[in-house]
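Undergrad: First the structure, which I've put down as structure tokens, then a few questions once you've had a look.
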Amino acid sequence: QFEDLLVRILLLAACISFVLAWFEEGEETITAFVEPFVILLILIANAVVGVWQERNAESAIEALKEYEPEMGKVYRSDRKSVQMIKAREIVPGDIVEVSVGDKVPADIRITHIRSTTLRVDQSILTGESVSVIKHTEPVPDPRAVNQDKKNMLFSGTNIAAGKAVGVAVATGVATEIGKIRDQMAATEQEKTPLQQKLDEFGEQLSKVISLICVAVWMINIGHFNDPVHGGSWIRGAVYYFKIAVALAVAAIPEGLPAVITTCLALGTRRMAKKNAIVRSLPSVETLGCTSVICSDKTGTLTTNQMCVTKMFVIDRIDGDHVELDSFDISGSKYTPEGEVTKLGAKVDCSQYDGLVELATICALCNDSSLDYNETKKIYEKVGEATETALCCLVEKMNVFKSNVGNLSKVERANACCSVVKQLMKKNFTLEFSRDRKSMSVYCTPVKGDAGSKMFVKGAPEGVIDRCTYVRVGSTRVPLTGAVKDKIMNVIKEWGTGRDTLRCLALATRDSPLKVEEMNLEDSTKFADYETDLTFVGCVGMLDP
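One rule links them: number in the working numbering = place in the sequence shown (from 1) + 70.
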């Protein structure tokens, strides 16, 4: 904070003034200390503000530690089964197991996938908001970037779906996230245009001040022996030296650093209110010179916490005329608290058959869940952001009127979803694939003689193309071209409107094939099993 040339000159002037004030005699002894004290006060205040701001910025680097996993599951020779150890004890060569919800404890080369697919949320590393499908095949390009290393799991990323085993190839600072932290710490600070101008101004001013001070002192050499100084040549020299120092202090704009720091700090404070971290105060000035900002919208630019804000089901169909029941959902992020409203009025979701079925699909066609972190005092996702948003929606809808008022926050996280899962048993999952853009689950009722059902969720255009019916209340109505156009127009409006919502269609197959008639090992046939569907509704998600 004291590297600026003007600040150093002021610091030197303050030190000289202190020394001279120490030897001052008479009534002016106390007042002689005022000048150096004021100078030091300004410099210290300037330094404190700068240190405080940059300390806040340094905490951003320390925040990377939050992504460091605490535990890991490994296979070692001393035990036959998997064992849980601290992540920092994992070494290259360890056989590591990961499953849905786990935070990857090291950089791992995948050797075996123990599920149909393996999806990883690596947004903290690559900025990809959509989870990445991994495989075990070698990557031929030795210079492949992290996004293309589909056979690698990177430390700090989250397993969104599936289960796998691999070999640890890097730990600690040798991991990709560790390299990022080292680069952030080692980044050299470049001087901004404002700093360059101030340095140039300070250098020129210091030269001019030095010349003037020396000139003033030398011009008065002939007056050193004046009687007013008691005839002492030394007293006269010191007197005119003090005048020269006073001239230097007066010429230096000591308020300039404080004024600049205050202005930049005010700008930083305004940016901080919008959750923008400013690493260095002068960068605010640089940002002020910016006219165009080019950015790539990913999950890491926002909170990467999806939240359902709208949904609709079919209310009535009369020929080609379609009426939709649209609902708004309050609340943000993953907190399972909010209200479902229709035209501004709160609604009881249990009174709508379509909403009960929609909530059932959201809860069962889902591999993720909510979790309350008691350390951070916040709700967090376990799995994918999109699926966690659906879990949160089910909790807000509470279609079976569960008594959640007296539950702890840990119990509240999945209370309503648990009720739905007690009614139907999930037999197996047909994982998401990019060709059909959907996933589905095969479920059977826990009680009663009702048949099995297949619940489907996915991209609206892909799901609706495989629908032949729509759900209206508790009845099933054939899907006509006009009805399909109405549904797609609403979805398009939501996706391209002011909020730019990410839409998911939810559907069911009331009479699916029998399990023995399906080949679950051939994922290319999954789309054939997800046909003859009944469209139930659609949800629109926002990333706050």
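Glycine residues also receive a C-beta, built at the ideal position from the N, C-alpha and C atoms.
So is E393 buried or exposed if we call it buried at 16+ other beta carbons inside 10 Å?
TA: The residue given as residue 393 occupies position 323 in the sequence shown. With fewer than 16 other Cβ atoms within 10 Å, it is exposed.
Undergrad: As an exercise, report each continuous beta strand (DSSP E) stretch of at least 3 residues that is fully enclosed by the stretch 380-414, in chain order.
TA: Here the runs fully enclosed are 391-399, 410-412.
Undergrad: In or out: E600 buried (at least 16 other Cβ within 10 Å) or exposed?
TA: Sequence index remark: in the sequence shown, residue 600 carries index 530 (1-based). It is buried - the Cβ of E600 has at least 16 other Cβ atoms within 10 Å.
Undergrad: If you draw a straight line from the C-alpha of E457 to the C-alpha of V464, how long is it?
TA: One-based indexing of the sequence shown puts residue 457 at position 387. One-based indexing of the sequence shown puts residue 464 at position 394. Rounded to whole angstroms, E457 to V464 spans 11 Å at the Cα level.
Undergrad: Taking contact to mean at least 3 C-beta pairs separated by less than 8 Å, is the stretch 246-253 in contact with the stretch 302-318?
TA: Verdict: no, contact absent.
Undergrad: Check whether the Cβ of Q274 lies closer than 7 Å to any Cβ atom in chain D.
TA: Judged by its chain identifiers, the structure shown contains no chain D, having just a single protein chain.
Undergrad: Could you spell out where the alpha helix (DSSP H) holding G610 opens and where it closes?
TA: Stepping through the sequence shown from its first residue, residue 610 is reached at position 540. Taken as a continuous stretch (DSSP letters only), G610 belongs to no alpha helix (DSSP H), being part of the beta strand (DSSP E) at 603-612.
Undergrad: Assuming E167 and K156 form a contact by the criterion Cβ under 8 Å, report the distance between their Cβ atoms to the nearest whole angstrom.
TA: Start at 1 with the first residue of the sequence shown, and residue 167 comes out as number 97. Start at 1 with the first residue of the sequence shown, and residue 156 comes out as number 86. Actually they are not in contact, since the Cβ atoms of E167 and K156 sit about 15 Å apart, beyond 8 Å.
Undergrad: Anyone know if the C-beta pair for F502 and M509 falls short of 7 Å?
TA: Within the sequence shown, numbered from 1, the residue matching residue 502 stands at position 432. Within the sequence shown, numbered from 1, the residue matching residue 509 stands at position 439. The answer is yes: Cβ separation under 7 Å.
Undergrad: Taking D505 as the reference, which of E587, I203, S199, W92 has the closest Cα?
TA: Within the sequence shown, the letter at position 435 stands for residue 505. It is I203.
Undergrad: Does the beta-carbon distance from K220 to R184 come in below 7 Å?
TA: Taking the sequence shown and counting its residues from 1, the one referred to as residue 220 is at position 150. Taking the sequence shown and counting its residues from 1, the one referred to as residue 184 is at position 114. Their beta carbons are not under 7 Å apart, which means K220 does not touch R184 by this criterion.
Undergrad: Starting from the Cα of K380, find the closest Cα among R386, T550, F397 and give me that residue.
TA: Mapped onto the sequence shown, residue 380 falls at position 310. Among R386, T550, F397, the Cα nearest to that of K380 is on F397.
Undergrad: Give the straight-line distance between the Cα atoms of G607 and L428, rounded to the nearest whole angstrom.
TA: Mapped onto the sequence shown, residue 607 falls at position 537. Mapped onto the sequence shown, residue 428 falls at position 358. Going from the Cα of G607 to the Cα of L428 covers about 7 Å.
Undergrad: What did DSSP end up calling T545 once you bin it into helix, strand or coil?
TA: Sequence index remark: in the sequence shown, residue 545 carries index 475 (1-based). It is a strand residue.
Undergrad: Using DSSP with H/G/I as helix, E/B as strand and the rest coil, what is M558?
TA: The residue you call residue 558 lines up with position 488 of the sequence shown. It is helical.
Undergrad: Hey, out of V585, V609, G518, F596, whose CA is closest to E563's CA?
TA: Locating residue 563 in the sequence shown gives position 493, where the first residue counts as 1. E563 has its Cα closest to that of V609, out of V585, V609, G518, F596.
Undergrad: Compute the distance between the beta-carbons of V452 and G171, then report whether it is under 7 Å.
TA: Here residue 452 refers to the residue found at position 382 of the sequence shown. Here residue 171 refers to the residue found at position 101 of the sequence shown. Yes. Within cutoff.
Undergrad: Please report the straight-line C-alpha distance between L264 and E355, rounded to a whole angstrom.
TA: Taking the first residue of the sequence shown as 1, we reach residue 264 at position 194. Taking the first residue of the sequence shown as 1, we reach residue 355 at position 285. Their Cα atoms are separated by approximately 7 Å.
Undergrad: Cα-Cα, which of V121, I109, F88 is closest to A335?
TA: Along the sequence shown, one-based indexing puts residue 335 at 265. Ranking V121, I109, F88 by Cα distance to A335 puts V121 first.
Undergrad: Determine whether the beta carbon atoms of L542 and I431 lie at a separation below 7 Å.
TA: Counting from 1 along the sequence shown, the entry for residue 542 is found at position 472. Counting from 1 along the sequence shown, the entry for residue 431 is found at position 361. For the sequence presented, residue 542 should be read as Val rather than Leu. Result no, Cβ atoms of V542 and I431 do not sit closer than 7 Å.
Undergrad: Of the residues I363, K416, D269, F498, which one's Cα is nearest the Cα of E586?
TA: As a working note, residue 586 is residue 516 in the sequence shown. That would be F498, whose Cα lies nearest to the Cα of E586.
Undergrad: Compute the beta-carbon to beta-carbon distance between C462 and C377, rounded to the nearest angstrom, for a pair I have assumed lies under 8 Å.
TA: To locate residue 462, count along the sequence shown from 1; it is residue 392. To locate residue 377, count along the sequence shown from 1; it is residue 307. 7 Å between Cβ atoms; contact.
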